[in-house]
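Chains as they are written, first to last, in the numbering used here: chain A, 1 to 245; chain B, 1001 to 1253.
In what follows, a single structure is set out as structure tokens and then discussed.
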């Protein structure tokens, strides 16, 4: 059986099961009410896309800096980066958003919640990026650095010509995976009243009292973003695979 | 080349075990040697004796704890910047992992020429064209190291060291990681390179080959060089009992 057919059968069976369950409950679908708010939902979806992209780019920078600090060999830098990574990875994003926005941002005078939201999301994702980058850099065997030294490369040349080209290929799939996580995690920005996709769906629900009709498109909207990204991550992993000699 | 090594000491921090504190391991223990005016020096000896450590210092990769090294009267520098300039004038081939896996063989060859020695890509390609053909590697130039055999990889690595026109080569057990069938092709290439007048220091366990290419042989054991002799003296008239034991063990396998 071809793969695509198997997937179609499974999804169809799942949908049929869900539809059957609802038909027994006699749920009154009210798609019309939600359809009236399609602009609002679309706008929220676009805001989610923009926030996710902005946070991704920023988190790559944050993660790269942290990874360099982790491998710098200088105790203070390493400790600072390690504390950052462990704190962020050890606490829920929700807690970070609440403290970050209502305590820190207010104290610092940052009022624009969108900027604060992107920064907090980037700080969150950056900790995971740092570990991804550190792993990628560590995966390059020291013997290659030696080889680079032997032919007379400077440290910067070794980094640029030998280490980074390989490390980037290595981490690209994981970074694509992080983007998928970012898109989903951005839904939490709704708790600091950022008008992204999830908040939009919540508001539509409160206007129309049509919970399922609000939240099912919400899920679908995220899938539209995450499924292609997941496929991209898998394709990258496949494409960039070469054995280390 | 004329190599003079005086009182070379190399210590490394030794990893501690369990609760015991770490110490230092002395790998080269006041090692001294002075060759004549020779083309090829071969370092042999038991594993762990210090051959590779010595070679790395001679190649400018590691800085010794103390001691002096000079080639043809020129002392080896001890600061990293000067050492890097020195490394650009010599070529080094390791046992394995010489080539960069993300580049083709050709790109591996061109990289030092373009980025270290400032050649244009056209000039670099021109320089590698003839040696690639001469050593029957031209048809493999577009392949990545993963697609090459061990022997081909090592030969490309030697070629990469050669095309920068080094003063001398350092080869650290270039065939030890290879299957027996591939050792011959690599050893042949080294012999050919020697026949063209290249100077090199070679660490190897291939005794027959050592005898064939060496002008002088240094027996490195316990961090010192107890014996430095011509190839003939070393193999035919070994005085030192350690050399005799070593030869017995290696030549009978």
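We treat Cβ as the ideally placed atom computed from N, Cα and C, and that holds for glycine.
Rounded to the nearest angstrom, how far is the Cβ of residue 1090 of chain B from that of residue 1167 of chain B, given a contact under 8 angstroms? 6 angstroms
Taking Cβ positions only, does residue 1036 of chain B come closer than 9 angstroms to chain A? no
Under 9 angstroms by beta carbon: chain B residues contacting residue 141 of chain A: 1097
Would residue 51 of chain A and residue 186 of chain A qualify as a contact pair, given that the criterion is a beta-carbon distance under 9 angstroms? Cβ distance < 9 angstroms, so residue 51 of chain A and residue 186 of chain A count as in contact.
With distance defined between alpha-carbon atoms, name the residue in B:1037, B:1203 and B:1217 nearest to residue 1059 of chain B. B:1203
Using DSSP bridges, identify the partner residues of residue 1217 of chain B. B:1042 and B:1229
Burial state of residue 1197 of chain B, where buried means 16 or more other Cβ atoms lie within 10 Å: exposed
Taking buried to mean at least 16 other C-beta atoms within 10 Å of its own C-beta, is residue 31 of chain A buried or exposed? It is exposed - the Cβ of residue 31 of chain A has fewer than 16 other Cβ atoms within 10 Å.
Could you say which of A:136, A:122 and A:191 lies nearest to residue 173 of chain A if we only look at CA atoms? A:136
Is any beta-carbon of chain B found at less than 9 angstroms from that of residue 153 of chain A? yes
Less than 9 angstroms separating the beta-carbons of residue 1199 of chain B and residue 1038 of chain B? yes
Ordered along the chain, which non-local residues of its own chain (more than five positions away) have a Cβ less than 6 angstroms from that of residue 1098 of chain B? 1157
Status (buried if at least 16 other CB within 10 Å, exposed otherwise) for residue 1033 of chain B: Residue 1033 of chain B is buried by the Cβ-count criterion.
Alpha carbon to alpha carbon, what distance is there between residue 1151 of chain B and residue 1002 of chain B? 31 angstroms
Could you please give the first and the last residue of the uninterrupted alpha helix (DSSP H) stretch that includes residue 324 of chain A? There is simply no residue 324 of chain A to check, as chain A begins at 1 and stops at 245 in what is shown.
Span of the beta strand (DSSP E) around residue 1030 of chain B: 1023-1034
What does the alpha-carbon distance come out to for the pair residue 10 of chain A and residue 222 of chain A? If I take the Cα positions, the gap works out to 20 angstroms.
Whether or not the stretch 144-160 of chain A and the stretch 1104-1119 of chain B are in contact is what I'm after, with contact meaning three or more pairs of Cβ atoms, one per stretch, closer than 8 angstroms; do they touch? yes
Report the neighbours of residue 1061 of chain B on chain A: residues whose CB is nearer than 8 angstroms to its CB, in chain order. 146, 149 and 150
Is it buried or exposed for residue 1234 of chain B, if we count other Cβ within 10 angstroms and need 16 for buried? buried
Using CA atoms only, rank isn't needed, just tell me which of A:84, A:116 and A:90 is closest to residue 194 of chain A. Selected option, being the one with the closest Cα: A:116.
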